[in-house]
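All remarks here apply to the structure that follows.
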Amino acid sequence: MHVIAYASRTMDLAQQNYTTTKKELLAIVFALDKCHSYLLGLRIVVFSDHVALRYLLKKPDAKPRLIRWMLLLQEFDIEIRDKKGTENSVANHLSRTEREEDPMPIRDQFPDE
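Residue numbers for the sequence shown follow UniProt numbering, so the first one is 1 and each next one is one higher.
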């Protein structure tokens with residue numbers, strides 16, 4: 001088992017209001033969509049510290065968005081395993097990166113222009 005890529009993205013305003021479980025699922029859908037050609041036909045193991053994620057995928061009365069995501073996931077041989085956040089340091093790295101309090105100002109004027 002090894003990493004094939006690292007990726008991140010920002011969420012739009014609607015996605016920022018998703019529950020934590022749906023945000024986790026959105027991240028999986030994003031990754032599978034981005035790496036579709038590399039992953040199709042392979043066994044995929046997703047490590048998550050969000051236990052409810054496994055049960056969300058088996059929900060019988062799902063909303064249309066969730067149904068679309070589940071249809072995408074059915075293309076893959078995917079298994080979701082629990083892994084504590086403290087043990088899953090690679091996945092948490094980008095979300096834990098601190099931003100500078102006072103970043104350097106952006107200059108619009110350059111002396112040699």
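Glycine residues also receive a C-beta, built at the ideal position from the N, C-alpha and C atoms.
L26 has its alpha-carbon roughly 12 Å from the corresponding atom of K34.
Straight through space, the alpha carbons of D82 and V51 are spaced by roughly 6 Å. For the set Y6, E79, Q109, S8, the Cα lying nearest the Cα of S48 is the one of E79. In the DSSP secondary-structure assignment, E79 is bridged to V45. DSSP places I28 inside the alpha helix (DSSP H), whose first and last residues are 20-34. Nearest Cα to Q74 within the set L39, T19, V3: L39. In this structure V46 is buried. Its beta-carbon is surrounded by 16 or more other beta-carbon atoms within 10 angstroms. Taking 8 Å as the upper bound for CB-CB distance, M70 and L53 are not in contact here, some 12 Å apart. One alpha carbon belongs to R65, the other to L72, and they sit about 11 Å apart. In the displayed model, S37 falls within a helix according to three-state DSSP.
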